[in-house]
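Asker:
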Amino acid sequence: MLPTDFDIKVLIERHEALTDDVQEMLQHQRRRHQKTASGGRERIATVDHLRRLCMDHYFQDEVDDAMDACLLEELAHGGDLLDATLAFRLMREAGHHVSADEVLGRFTDDNGEFRLDYRKDIRGLLSLQDISHMNIGQEASLCKAKEFSTRNLESAINYLEPNLARYVRQSLDHPYHVSLNQYKARHHLSYLQTLPIRCTAMEELALADFQLNKLLHQMEMQEIKRWWMDLGLAQEIPVARDQVQKWFVWMMTAIQGASLSRCRIELTKIVSFVYIVDDIFDLVGTREELSCFTQAIRMWDLAAADSLPSCMRSCFRALHTVTNDIADMVEREHGVNPINHLKKAWAMLFDGFMTETKWLSAGQVPDSEEYLRNGVVTSGVPLVFVHLLFMLGHDVSQNAAEFVDHIPPVISCPAKILRLWDDLGSAKDEAQEGLDGSYKELYLKENPGLAAGEAEEHVRRLIAGEWEELNRECFSASPSRSSPATTFPAGFTQAALNAARMVGVMYGYDGERRLPVLDDYVRMLLF
Numbered sequence: 001m002l003p004t005d006f007d008i009k010v011l012i013e014r015h016e017a018l019t020d021d022v023q024e025m026l027q028h029q030r031r032r033h034q035k036t037a038s039g040g041r042e043r044i045a046t047v048d049h050l051r052r053l054c055m056d057h058y059f060q061d062e063v064d065d066a067m068d069a070c071l072l073e074e075l076a077h078g079g080d081l082l083d084a085t086l087a088f089r090l091m092r093e094a095g096h097h098v099s100a101d102e103v104l105g106r107f108t109d110d111n112g113e114f115r116l117d118y119r120k121d122i123r124g125l126l127s128l129q130d131i132s133h134m135n136i137g138q139e140a141s142l143c144k145a146k147e148f149s150t151r152n153l154e155s156a157i158n159y160l161e162p163n164l165a166r167y168v169r170q171s172l173d174h175p176y177h178v179s180l181n182q183y184k185a186r187h188h189l190s191y192l193q194t195l196p197i198r199c200t201a202m203e204e205l206a207l208a209d210f211q212l213n214k215l216l217h218q219m220e221m222q223e224i225k226r227w228w229m230d231l232g233l234a235q236e237i238p239v240a241r242d243q244v245q246k247w248f249v250w251m252m253t254a255i256q257g258a259s260l261s262r263c264r265i266e267l268t269k270i271v272s273f274v275y276i277v278d279d280i281f282d283l284v285g286t287r288e289e290l291s292c293f294t295q296a297i298r299m300w301d302l303a304a305a306d307s308l309p310s311c312m313r314s315c316f317r318a319l320h321t322v323t324n325d326i327a328d329m330v331e332r333e334h335g336v337n338p339i340n341h342l343k344k345a346w347a348m349l350f351d352g353f354m355t356e357t358k359w360l361s362a363g364q365v366p367d368s369e370e371y372l373r374n375g376v377v378t379s380g381v382p383l384v385f386v387h388l389l390f391m392l393g394h395d396v397s398q399n400a401a402e403f404v405d406h407i408p409p410v411i412s413c414p415a416k417i418l419r420l421w422d423d424l425g426s427a428k429d430e431a432q433e434g435l436d437g438s439y440k441e442l443y444l445k446e447n448p449g450l451a452a453g454e455a456e457e458h459v460r461r462l463i464a465g466e467w468e469e470l471n472r473e474c475f476s477a478s479p480s481r482s483s484p485a486t487t488f489p490a491g492f493t494q495a496a497l498n499a500a501r502m503v504g505v506m507y508g509y510d511g512e513r514r515l516p517v518l519d520d521y522v523r524m525l526l527f
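Take the sequence shown: its position 386, counted from the start at 1, is 386 in the numbering used here, and no numbers get skipped.
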């Protein structure tokens with residue numbers, strides 16, 4: 001049952017009062033910082049807690065003031081293991097250039113190995129584990145940091161007190177940078193509530209914030225369910241997937257903030273069409289019908305679909321309506337109508353599915369790289385993110401065509417991560433995904449001397465490489481392969497990161513074909 005307007009009003013008022021209390025605490029810390037040397041460290045630690053609780057955006061002025069570049073440099077190059085690694089993470093997240101080798105070199109011996117006296121520094125090891133996943137490529141010290149922190153935290157769990165042991169276990173199972181922040185926030189709050197020194201106002205604000213976000217997501221889910229039921233595609237195409245909750249979870253987790261509620265709702269509709277069109281190509285249409293369907297999409301003409309089967313006509317009408325509605329909404333809010341670019345993005349997706357259909361029907365086996373390039377498109381990630389970019393108000397009128405033709409790494413990286421995860425073999429779901437082969441199978445054919453385990457390890461290395469590339473795009477001042485003229489709003493790059501973070505959750509099947517981590521996410525964030 002959804003709450004009444006009165007319940008929501010009371011919760012909002014409490015949220016506002018608690019926000020004022022935390023703001024007063026931050027101002028008090030600022031005054032104290034001016035008087036004591038430890039005040040700066042206290043403020044940085046508070047900023048870290050606010051970020052881990054996903055509440056730093058409520059206090060942006062105070063956070064910006066606390067993020068003193070000189071202090072962070074001082075801590076990174078002169079603090080203890082905890083201070084140095086925390087400063088490193090905050091600086092890298094803010095886009096500052098910071099060398100992992102320089103920061104971590106003070107904690108290693110002459111052979112470049114971490115000194116053994118840090119084996120018992122649990123908080124330092126946890127922070128070291130956090131930054132070890134922020135590798136932007138060729139950072140050997142971060143690879144060693146991951147191995148050292150993981151080994152010693154694993155062994156420490158056996159003697160730590162239960163609350164801290166649970167927190168360490170959760171941190172190892174769901175590393176901070178590669179896990180969804182909202183999910184991690186619930187666990188961080190539980191840990192804070194066990195500490196002897198607590199900040200009650202911050203904890204209560206976090207609880208109120210969790211409740212408000214959950215209520216908002218429940219209302220969004222209800223609207224999407226009504227739309228899906230009224231659409232009737234589940235009844236018209238019974239072999240297609242009917243997973244409206246899963247589709248919403250993609251957007252609920254990728255796109256954050258109450259102000260982007262409409263964005264989550266509309267993009268969930270786009271996600272649903274990606275899945276339905278995929279199933280039409282895999283399970284419903286003949287090659288000739290699918291070719292006509294693709295041509296109708298290219299023309300963006302409903303009349304061109306008149307000769308198609310009813311289910312294809314219904315699908316085209318629905319995605320045509322939703323896409324035009326989004327274009328009209330963007331024009332009302334931002335003054336530019338992106339329909340031509342959105343049509344081109346849809347045509348690109350259908351061309352990708354058509355390519356797979358031709359491979360299958362002709363018995364043609366693409367090489368693994370060709371398959372992966374096409375798989376980036378058919379993942380649906382570029383299509384969804386083209387819509388998102390316009391909905392965020394980013395003016396790409398000058399380079400939108402290039403964006404569609406040449407997918408930038410901030411989009412291609414999460415798309416490749418998704419495709420490779422899906423192809424690992426554990427991601428064959430009820431919709432019979434993988435009818436057109438997988439990257440691992442193609443790679444084995446190209447390298448007949450390899451064992452299946454070696455091919456899987458190769459795929460995992462590719463995924464790690466895409467994470468490094470995505471980190472470069474999100475954290476570096478000069479991204480590696482993007483056009484220098486192309487910059488994206490922070491909400492866009494954050495959504496790309498979140499999409500990559502959710503891939504392992506969405507495709508993390510256990511031995512019984514279940515998704516236990518996804519179930520935990522949904523239970524915690526939605527119900």
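We treat Cβ as the ideally placed atom computed from N, Cα and C, and that holds for glycine.
Please name the residue in Ala87, Gly78 and Gly95 whose C-alpha comes closest to that of Phe107.
Answerer: Position 107 of the sequence shown holds residue 107. Comparing Cα-Cα distances from Phe107 to each of Ala87, Gly78 and Gly95, the minimum goes to Gly78.
Asker: What residues match up with Phe114 in a beta bridge as DSSP calls it?
Answerer: Position 114 of the sequence shown, counted from the start, is the residue given in the question as residue 114. Under the DSSP definition of a beta bridge, Phe114 partners with Thr108.
Asker: Taking the alpha-carbon positions, what's the Asp519 to Val98 distance?
Answerer: Walking along the sequence shown from the start, residue 519 turns up at place 519. Walking along the sequence shown from the start, residue 98 turns up at place 98. Those two C-alpha atoms are separated by around 37 Å.
Asker: Helix, strand or coil for Thr85, going by three-state DSSP, please let me know.
Answerer: Within the sequence shown, the letter at position 85 stands for residue 85. Three-state DSSP puts Thr85 in a helix.
Asker: So, for Leu267: in the same chain, excluding its five sequence neighbours on each side, which residues have a beta-carbon less than 8 Å away from its beta-carbon?
Answerer: Mapped onto the sequence shown, residue 267 falls at position 267. So the list reads Met251, Ile255, Val384, His387, Leu388 and Met391, once near-sequence residues are dropped.
Asker: Count Cβ pairs between the stretch 168-183 and the stretch 124-135 that sit closer than 8 Å; are there 3 or more?
Answerer: yes
Asker: Using only the alpha-carbon positions, how far apart do Val505 and Arg32 sit?
Answerer: Position 505 of the sequence shown, counting from 1, holds the residue named residue 505. Position 32 of the sequence shown, counting from 1, holds the residue named residue 32. Each residue's CA atom was taken as its position, placing Val505 and Arg32 some 42 Å apart.
Asker: For Asp510, does the count of other Cβ atoms within 10 angstroms reach 16, so buried, or fall short, so exposed?
Answerer: Working through the sequence shown from its first residue, we reach residue 510 at position 510. The residue is exposed, with fewer than 16 neighbouring Cβ atoms inside 10 Å.
Asker: Who are the Cβ neighbours of Asp528 in its own chain at under 6 Å, not counting the five residues just before and after it?
Answerer: The first residue shown for the chain is 1 and the last is 527, placing residue 528 beyond what the model contains.
Asker: Within 10 angstroms of the Cβ of Phe527, are there 16 or more other Cβ atoms? Answer buried if so, exposed if not.
Answerer: To locate residue 527, count along the sequence shown from 1; it is residue 527. Exposed is the call here.
Asker: Could you work out which residue in Glu147, Val376, His15 and Asn498 is closest to Ser179 when comparing CA atoms only?
Answerer: Position 179 of the sequence shown holds residue 179. Here the closest residue by C-alpha is Asn498.
Asker: Alpha carbon to alpha carbon, how far is Leu164 from Tyr191?
Answerer: Residue 164 sits at position 164 when you count from the first residue of the sequence shown. Residue 191 sits at position 191 when you count from the first residue of the sequence shown. When rounded, the separation of the alpha-carbon atoms in Leu164 and Tyr191 is 7 Å.
Asker: What do you get for Arg52, buried or exposed, if any count of 16 or more other CB atoms within 10 angstroms of its CB means buried?
Answerer: Counting from 1 along the sequence shown, the entry for residue 52 is found at position 52. By the 10 Å Cβ count, Arg52 comes out buried.
Asker: Using a Cβ-Cβ cut-off of 6 Å (strictly less than) and excluding sequence neighbours within five positions of Ile237, which residues of its own chain qualify?
Answerer: Here the question's residue 237 lines up with position 237 in the sequence shown. Excluding sequence neighbours, Ile237 sits near Cys311.
Asker: Between Met265 and Leu104, what straight-line distance do the alpha-carbon atoms span, to the nearest angstrom?
Answerer: Working through the sequence shown from its first residue, we reach residue 265 at position 265. Working through the sequence shown from its first residue, we reach residue 104 at position 104. Residue identity check: residue 265 is Ile in the sequence provided, not Met. Roughly 44 Å separates the two Cα atoms.
Asker: Check whether the stretch 345-358 touches the stretch 287-294, taking contact to mean three or more Cβ pairs, one atom from each stretch, closer than 8 Å.
Answerer: Yes: at least three Cβ pairs fall under 8 Å.
Asker: Does the contact criterion of 3 or more C-beta pairs under 8 Å hold for the stretch 148-167 versus the stretch 185-203?
Answerer: yes
Asker: According to DSSP, is Pro175 part of a helix, a strand, or is it coil?
Answerer: Mapped onto the sequence shown, residue 175 falls at position 175. Pro175 falls in the coil class under three-state DSSP.
Asker: Does DSSP put His15 in a helix, a strand or coil?
Answerer: Numbered from its first residue, the sequence shown carries residue 15 at position 15. It is helical.
Asker: Could you tell me which of Asp20, Ala17, Ile407 and Val381 sits nearest to Trp247, measuring between CA atoms?
Answerer: Looking up residue 247 in the sequence shown gives position 247. Among Asp20, Ala17, Ile407 and Val381, the Cα nearest to that of Trp247 is on Val381.
Asker: Quick one: what does DSSP say Ser480 is sitting in, helix, strand or coil?
Answerer: On the sequence shown, residue 480 is found 480 positions in, with the first residue counted as 1. Reliability fails at Ser480, whose pLDDT of 45 lies under 50, so the model's placement of it is uncertain and no value is given.
Asker: Got a sec, what are the start and stop residues for the alpha helix (DSSP H) His320 sits in?
Answerer: In the sequence shown, the residue the question calls residue 320 occupies position 320. Ser310 to His334 is the extent of the alpha helix (DSSP H) around His320.
Asker: Assess, as a yes-or-no matter, whether the stretch 221-230 is touched by the stretch 200-211 under the definition of 3 or more beta carbon pairs within less than 8 Å.
Answerer: no
Asker: When we look at the beta-carbon of Arg115 and count the other beta-carbons within 10 Å, is it buried (16 or more) or exposed?
Answerer: Start at 1 with the first residue of the sequence shown, and residue 115 comes out as number 115. By the 10 Å Cβ count, Arg115 comes out exposed.
Asker: Under 6 Å: does the beta carbon of Ala94 sit that close to some heavy atom of the ligand MG?
Answerer: The ligand MG is not among the ligands present in this structure, which contains no ligands whatsoever.
Asker: Looking at C-alpha atoms only, which residue of Phe350, Ala500 and Ala490 is the closest neighbour of Lys416?
Answerer: Within the sequence shown, numbered from 1, the residue matching residue 416 stands at position 416. Of the candidates Phe350, Ala500 and Ala490, the one whose C-alpha sits nearest the C-alpha of Lys416 is Ala500.
Asker: Arg198 CB to nearest chain C CB: under 7 Å?
Answerer: You won't find chain C in this structure, because it holds only one protein chain.
Asker: In the structure shown, what three-state DSSP assignment does Trp247 receive?
Answerer: Along the sequence shown, one-based indexing puts residue 247 at 247. Of the three classes helix, strand and coil, the one that applies to Trp247 here is helix, per DSSP.
Asker: Give the C-beta separation of Pro366 and Leu442 to the nearest angstrom, bearing in mind that I take them to be a contact with Cβ-Cβ under 8 Å.
Answerer: Indexing the sequence shown from 1 puts residue 366 at position 366. Indexing the sequence shown from 1 puts residue 442 at position 442. Between Leu442 and Pro366 the Cβ distance is about 7 Å, and since that is below 8 Å, they are a contact.
Asker: Put Asp306 into one of helix, strand or coil per three-state DSSP.
Answerer: Looking up residue 306 in the sequence shown gives position 306. Residue state, collapsed to three classes: coil.
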